[in-house]
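Peer 1: Sharing a structure, written as structure tokens. Questions coming.
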């Protein structure tokens, strides 16, 4: 069955003779200024994060020394200003890079170099827009010192006080929601860095770079199978603020999961079915949501088998996949935890403590509660709970439908796999911004249209700014949300048309007098 994915006729191929925009006409073939702009933005993110990011409770470097003023009063305001200015430069550079890419003026190499330059300063930055990395270290410390992270919170650990006290209060007493293999990785990081939290964050980023590296290795090969254009794919999946700031600057373990997921999807397309199931099962042992991909891989394997008996082929592929999954799952869990511990299944409930309207079901429940509360005094939780249950039901129906429509395998199965991962990020509570990368990275290897790329720009800005740099949510600061939406729409329009409101042109006109339009005044004799 042929795939139903539309081509992208209005995205010019790399190298196509497209007329350059006037404001970009004199840029060199390699976007030096744009790359430098984003790099300066990342340096500002680094500097601003020292006062406004996920700072330590007891910082051995700044602490109460002469630079501590950046964390209080006007100094804190200044740090926030520097950080958001850096974010603005990174987004501006990303949009400019996208325009060059769509005009066919740069290729994959320039995008990868720019992405690397933008990530480099963030290697040593405090966590940005999240404090999850402190939870990783806390849970790794638990496993290292014999405390089960699936039944105890980091607060019960009596050693490594610097690691424990920096875990967010919400997660101090909650079980770990991550797969056992990632806890083994976190255990290794803490074994190396001990109570030095700054070193722990840096080493965690270095480890997650392996996942990003696997993703970058797999994407060009996925593009060849799925029909996309590599520069667009790398611009979306690697250079985007979602990857640079959230996955790496955060950092988030989704980067490691995506490395195994991408290579696993590539393996099944190249008929390496056993390897595919192994890799995606490993991805699940890092972040359990990767398991969503496994049933789709069975269909692809089934369609690769010889013979016309589809039922028999499906049973062969399904049984083989189940056996491989079982072996890898049991072995991976045993190696990671020292026993076959399924406590992480109940730990998946922990993130549901997060409630905000970024998850549509939670937002609907809160709106209905607000309307009812005008009439009668009622608690909010029943409304949110019922809305979330309905959302879970909708996700289950969506999953089954997409899985069944994938029964002919091929690229369509991969596309529906990506859409189901996106649906899981949106419909299953909570919806955290970096969750959308699960399906989005896979979808980036398909053809895209210009207007859809512009939508991605706007959504990416909202998803990064949904949280303050400290990691606290900003979704109920309505003036901030309105400003974010305005900036997102403007950035999205800027991808399609440079300076859509003529602001830069107006500034230049005001800065440089127009001597041509006004005739000179004749001199008096």
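Numbering (this note's numbering), first residue to last: 6 to 530.
Beta carbons: idealized from backbone N, C-alpha and C, even for Gly.
Predicted, not measured: the structure shown is a model, and the values here were computed from it.
(1) Indicate the three-state DSSP secondary structure (helix, strand or coil) for residue 478 in the structure shown.
(2) Give me the Cα-Cα distance between residue 190 and residue 511, rounded to the nearest whole angstrom.
(3) Out of 122, 305, 256, 387, point me to the one whose CA is closest to residue 321's CA.
(4) So, for residue 193: in the same chain, excluding its five sequence neighbours on each side, which residues have a beta-carbon less than 6 Å away from its beta-carbon?
(5) Does DSSP put residue 495 in a helix, in a strand, or in coil?
(6) Can you have a look at residue 381 and say buried or exposed, based on whether 16 or more other CB atoms are within 10 angstroms of its CB?
(7) Taking Cβ positions, are residue 571 and residue 434 nearer each other than 8 Å?
(8) Looking at the unbroken alpha helix (DSSP H) that takes in residue 179, where does it start and where does it end?
(9) What residue ranges within the stretch 247-287 form continuous alpha helix (DSSP H) runs of no fewer than 4 residues, ordered along the chain?
(10) CA-CA distance, residue 553 and residue 459?
(11) From residue 82 to residue 54, what does the alpha carbon distance come to, in whole angstroms?
(12) By a C-beta neighbour count over all protein chains shown, 10 Å radius and 16 as the cutoff for buried, is residue 86 buried or exposed?
(13) Rounded to the nearest angstrom, what separates residue 514 and residue 125 at their Cα positions?
(14) On the three-pair Cβ rule with 8 Å, is the stretch 206-216 touching the stretch 242-261?
(15) Which of helix, strand or coil does DSSP assign to residue 77?
(16) Please name the residue, chosen from 174, 401, 357, 253, that lies closest to residue 220 on a Cα-to-Cα basis.
(17) Once you ignore the five residues that flank residue 94 on each side, which residues in its own chain have a CB closer than 7 Å to its CB?
(18) Taking Cβ positions, are residue 401 and residue 224 nearer each other than 8 Å?
(19) Count the CB pairs spanning the stretch 356-373 and the stretch 413-432 that are closer than 8 Å, and state whether there are at least three.
(20) Go ahead and pull the three-state DSSP assignment for residue 472.
(21) Looking at C-alpha atoms only, which residue of 281, 239, 414, 249 is the closest neighbour of residue 222?
(22) Buried or exposed for residue 383, going by 16 or more other Cβ atoms inside 10 Å?
(23) Answer yes or no: do residue 257 and residue 476 have a C-beta to C-beta separation smaller than 8 Å?
(24) Hey, could you find the ends of the alpha helix (DSSP H) residue 417 is sitting in?
(25) Consult DSSP for residue 67 and reduce its assignment to one of helix, strand or coil.
(26) Are at least three pairs of beta-carbons, each pair with one atom in the stretch 462-473 and one in the stretch 67-78, less than 8 Å apart?
(27) Looking only at its chain, what residues have a beta carbon closer than 6 Å to the beta carbon of residue 338, apart from the 5 residues adjacent to it on each side?
(28) In the structure shown, what three-state DSSP assignment does residue 444 receive?
(29) With a threshold of 8 Å, are at least 3 pairs of Cβ atoms found where one atom belongs to the stretch 146-166 and the other to the stretch 309-317?
(30) Would you mind working out which of 487, 442, 456, 113 sits nearest residue 498, comparing C-alpha positions?
(31) For the alpha helix (DSSP H) holding residue 219, just list the boundary residues, first then last.
(32) When the Cα atoms are used, what is the spatial distance from residue 109 to residue 117?
(33) Mind checking which residues open and close the alpha helix (DSSP H) that includes residue 393?
(34) Run through DSSP, which three-state label would residue 31 get?
Peer 2: Concretely, from the data shown:
(1) Note: residue 478 maps to strand in three-state DSSP.
(2) If you draw a straight line from the Cα of residue 190 to the Cα of residue 511, it comes to about 53 Å.
(3) Shortest Cα-Cα distance from residue 321 to any of 122, 305, 256, 387 involves 305.
(4) Closer than 6 Å at the Cβ level, and outside the excluded window around residue 193, lies no residue.
(5) Helix, per DSSP.
(6) Residue burial is scored here from C-beta neighbours: residue 381 has fewer than 16 other C-beta atoms within 10 angstroms and is therefore classed as exposed.
(7) Because the chain here runs from 6 to 530, residue 571 falls outside it and cannot be looked at.
(8) Segment: none, residue 179 is in no alpha helix (DSSP H) and carries neither H nor E.
(9) Counting whole runs of 4 or more residues, the stretch 247-287 contains the alpha helix (DSSP H) stretches 259-274.
(10) For residue 553 there is no data in the structure shown, the boundaries of the chain being 6 and 530.
(11) Cα-Cα distance, rounded: 12 Å.
(12) The residue is exposed, with fewer than 16 neighbouring Cβ atoms inside 10 Å.
(13) For residue 514 and residue 125, the distance between alpha carbons rounds to 36 Å.
(14) With the cut-off at 8 Å, the stretch 206-216 and the stretch 242-261 touch.
(15) Here residue 77 sits in coil by DSSP.
(16) With distances taken between Cα atoms, residue 220 lies closest to 253.
(17) Once the five neighbours on either side are set aside, the close Cβ partners of residue 94 are 42, 43, 45, 46, 49.
(18) Judged by beta-carbon spacing, residue 224 lies beyond the 8 Å limit of residue 401, meaning their Cβ atoms are not closer than that value.
(19) With a cut-off of 8 Å, the stretch 413-432 and the stretch 356-373 count as touching, because enough Cβ pairs lie within range.
(20) Here residue 472 sits in strand by DSSP.
(21) Of 281, 239, 414, 249, the residue nearest in Cα terms is 239.
(22) Counting of Cβ neighbours within 10 angstroms places residue 383 among the exposed residues, the total staying below 16.
(23) Contact flag unset, no.
(24) In the DSSP assignment, residue 417 falls within the alpha helix (DSSP H) that extends over 415-432.
(25) The answer is coil: DSSP assigns residue 67 none of H, G, I, E or B.
(26) The stretch 462-473 is not in contact with the stretch 67-78.
(27) If we look at residue 338 and ignore the five residues flanking it on each side, its Cβ neighbours are 185, 345.
(28) Note: residue 444 maps to helix in three-state DSSP.
(29) Segments in contact, no.
(30) Ranking 487, 442, 456, 113 by Cα distance to residue 498 puts 456 first.
(31) Note, residue 219: alpha helix (DSSP H), 202-231.
(32) Cα to Cα, the separation comes out at about 16 Å.
(33) Counting along the chain, residue 393 sits inside the alpha helix (DSSP H) bounded by residues 386-410.
(34) Residue confidence is low: residue 31 scores 43 on pLDDT, short of 50, so the model does not pin down where it sits. Its coordinate-derived value is still stated next. Look at residue 31 here: in three-state DSSP terms it is coil, with no helix or strand label.
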